[in-house]
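A short worksheet on the structure shown next.
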Amino acid sequence: MRHAIRTAAACLAAALPMVLTTAPPAAAEEPAPRIDLRVLVVDDGGPAVDAIAAALRDAGTPYTTVDLADDDRPTVDEDFLGDTVDGRPRARYQGVVLPNENPFGAGSAEMAALAAYEAEFGIRQVDAYTYAGPAVGLDPAQETGYAGPLDGETAQVTEAGRDGPFGYLDGKVPFEDNDPQVDESYGYLSVPLADPPEGASFTSYVDAPVPGGQERGSLVGEYTHDGRSELVVTFVYNRHQQQYRLLARGIVAWLTQGVHLGVDRNHFAVHVDDVFAADDRWHTELNCTPGDVDCGGADDGLETDPIRMTEADAAHAAQWSADRGFTLDMAFNGGGSDLHRSEHGSDPLAARMLADQASHRWINHTYNHLFLGCVQDVTVVPWRCATDEEGQTRWESRALITTQIDNNLSWADRNNLAVDERELVTGEHSGLVTLPQQPQDNPNLAPSLTTTGVTWIASDASREAAQRPLGPALTVPRYPMNIFYNAGRTAEQVDEYNWIYTRRSDGGSGLCEDSPATTTCLDAPLDISTGYESHIVPLEARIALRHVMGNDPRPHFIHQSNLAEDRIAYPALDRILDDYADLFAGNTPMVSLPMRDIGQEMRQRAAWRAALDAGEITAHRTGSTVTVDAPAGLHVPLTAPEGTVQRLDGLDDSAPAFGEPYAGLRTGWAEPGGDGRTVLDLPGAPGEPQEPDAPQEQDPRCLPELLSLLDLLGLLEEVCGLLTPDAQGFRDPAGQTEVPAGTTDPVPYGPGDTAAR
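Shown next as structure tokens:
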């Protein structure tokens, strides 16, 4: 025993000076903090915060909202922001979105707590929209910069922005100017402070020229100060505006340091309906379509003038797809080809398209494009559902629906056309709810889908935007483009457009005046020869790009008539593809998925959102490891840096790379393990703890002997108090943020238009 005491005493004598003089800082002794993968959104009710929250929600990134207008809201303090889990410090939020740099007011204890939290855990803050001034590292905009409307301006991503969070953009950030009578965007342009506070710096990521000067003023930049980083945005926006949609991905990536739950990609797919069939033509004098119930047909002395693609149109479609590197989805009606062959002896169109079938994807559109909902009573305008003697709706039969699906697949088999039998587009989306006449699905449709093996059925997104189940299938909502099915020539498209969108006093139908669901009337009818290229094409491109940049996978659809005659679809499609290429870098291509994959994407998103809403997801980052716990079998949407691998049965050199490269990061849906746990290893994630310095060599006898002594002498508690000081004692909370007078109340949101446009 004496020997043990002497040895332990010697060890203690040697150890105590080292403990007292060379002890490592607390951060090296404490376990690495746990950073929960959730964003804190402090909401003032303005459009800028709403826009960022919408981007998080659409991607599937969890966030918690603190509503500043709610008297019962939680207090943002140390306890709200963090705690300790299993002896490990926890930050409850990986990023913070504020309306401006200090929405709590001067001298606020909440802002002081938030600043200390951000500095301690390395959490970033986005100032969604704020005044350009010294509080955010910029010269006052009204002194050396510019404050006013930005409509029609073109900002640029700086070199730092391209090397940083906005490297997925090609450079230009154009601001919309949809209405010359309305200021749609308001903002401040300012240069960084020439003499910033000690240790502070400002890096501009997006800028624009200051009017009347040689300087370029920042619109988006990073202000680093007091151990914190803020992304400073000095222009107002709403979730729909193009300038914001271009920057949204980078704002979220910067905020989360490139590691977050959720996936954001730019989707664009185009379905071409009625291939091999013919579409009725708009009558420019009668302002209706002969063959439709509201226009009449042969019985009324009117002959239809159908529009059908030719062999040359088919060759052009294949060549266009090859030239543009874009695949069209052809929704075909085999009965149209058989009818043409019976009337003309052959069908050059079908022969050409079948020869070029690999240029496209193919979808079953039923054999004859029949209406598969209720039996239509066309003796009245508008038509109505026919009823039996008891007043019950008469429905098209299960046998008819099944035959229409099967016969088209048989036609494909006979012609060696590859088609996925799980995908279906019914004629006019018939069989599904069609308001106002048919307020429910044809009850015979779901059993037919079961019989034929259909699991994905198209719906009209203008009627039903959400995916829903229908028997064994899920719907895939499709956006109708405003390029009309009954127009093969430009003049017909413009004439019908004028009829719908001009006032009665201008010779139009007045629908735009009567229907609240229709957009406002045109100021004047479009010129028949120039209106398509000057108005319709750019408008359709803008609407489609809004969907593309909104992380919306829903496909768009047009008709085969639009690829015939004047081929009016191509100018619009070219404009969409060209505008996209002009805005985005090569590392951010359009994602064009087949119908089944679009449906699967929507299904996974819905399941993920439901799990988030139910509180079934926990996710955090500890050092360079991301751990997600979710219900078993639920796929997990994740975004992470290049070099990230997914740990499977123990991490080793064969661990697969996670996801796919997109926009400078890796994104994808991780398949969880059997226990619902997903683990990623990051390539040196932000906030990764540094390895502590190597300990000095000690007598190997010291540790056991010392512990024996401490146990015997009852000194363990006292010595541990020396070895492990209270962790809080090593923290130096950031001081209270001072807000210069006159800079806390900028023009709240400017006179900008915050409505969806």
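In the working numbering, the protein residues as written are 1 to 757.
All residues carry an ideal CB built from backbone N, CA and C; glycine is no exception.
{"query": "Between the CA atoms of A51 and A318 - distance to the nearest angstrom", "result": "39 Å"}
{"query": "Residue range of the beta strand (DSSP E) that includes T154", "result": "154-157"}
{"query": "Straight-line gap, L247 to G133 (C-alpha atoms, nearest Å)", "result": "22 Å"}
{"query": "Cβ distance (whole Å) where L563 is taken to contact A569 below 8 Å", "result": "6 Å"}
{"query": "Reduced DSSP category for L354 - H, G, I as helix; E, B as strand; rest coil", "result": "helix"}
{"query": "Contact under 8 Å by Cβ, P99 with A128", "result": "yes"}
{"query": "G82 (DSSP reduced to helix, strand or coil)", "result": "strand"}
{"query": "C-alpha distance - A607 paired with P553, whole-angstrom precision", "result": "16 Å"}
{"query": "Bridge partner(s) assigned by DSSP for L169", "result": "F584"}
{"query": "Contained beta strand (DSSP E) runs [length at least 3] in the region 526-583, N- to C-terminal order", "result": "556-559"}
{"query": "Nearest neighbour of T284, chosen from V126, R489, V679, E464 [CA to CA]", "result": "R489"}
{"query": "CB-CB length for I558 against M481, believed under 8 Å", "result": "5 Å"}
{"query": "Own chain, CB closer than 6 Å to S430, minus 5 neighbours either side, in chain order", "result": "F371, L372, G373"}
{"query": "Unbroken alpha helix (DSSP H) run spanning Q600, endpoints", "result": "595-613"}
{"query": "Reduced DSSP category for I401 - H, G, I as helix; E, B as strand; rest coil", "result": "helix"}
{"query": "Per DSSP, the bridge partner or partners of P637", "result": "W669"}
{"query": "Cβ shell of Q357 (< 8 Å), same chain only, five flanking positions each side left out", "result": "L417, A418"}
{"query": "8 Å Cβ cutoff met for D43 and T65", "result": "yes"}
{"query": "Segment contact, 8 Å Cβ cut-off, at least three pairs: the region 611-621 with the region 376-395", "result": "no"}
{"query": "Same chain, Cβ closer than 8 Å to A322, neighbours up to 5 away in sequence not counted", "result": "S359"}
{"query": "Contact under 8 Å by Cβ, T387 with R394", "result": "yes"}
{"query": "Beta bridge counterpart(s) of R228 as assigned by DSSP", "result": "H225"}
{"query": "8 Å contact criterion, which G471 and A446 should meet: CB distance rounded", "result": "3 Å"}
{"query": "Proximity below 8 Å, CB of V97 to CB of I123", "result": "no"}
{"query": "The region 79-87 touching the region 267-282, judged by at least three CB pairs closer than 8 Å", "result": "no"}
{"query": "Reduced DSSP category for L261 - H, G, I as helix; E, B as strand; rest coil", "result": "strand"}
{"query": "Proximity of E540 and I483 at Cβ, strictly below 8 Å", "result": "yes"}
{"query": "Own chain, CB closer than 7 Å to N368, minus 5 neighbours either side, in chain order", "result": "N333, G335, Q404"}
{"query": "V378 classed as buried or exposed, judged by whether at least 16 other C-beta atoms fall within 10 angstroms", "result": "exposed"}
{"query": "Residues bridged to F332 [DSSP beta-bridge criterion]", "result": "V275, N364"}
{"query": "Selected residue, minimal CA-CA separation from V39, among A55, P33, G45", "result": "A55"}
{"query": "C-alpha distance - M595 paired with T327, whole-angstrom precision", "result": "12 Å"}
{"query": "Close Cβ partners of R324 (< 7 Å) along its chain, the five nearest in sequence each way excluded", "result": "L577"}
{"query": "Closest by C-alpha distance to I457, when choosing among P443, E423, S509, Y485", "result": "E423"}
{"query": "Distance CB(R809)-CB(V259) smaller than 8 Å", "result": "Since the first residue of the chain shown is 1 and the last is 757, residue 809 is not available in this structure."}
{"query": "Candidates D67, T203, R398: closest to P192 by CA position", "result": "T203"}
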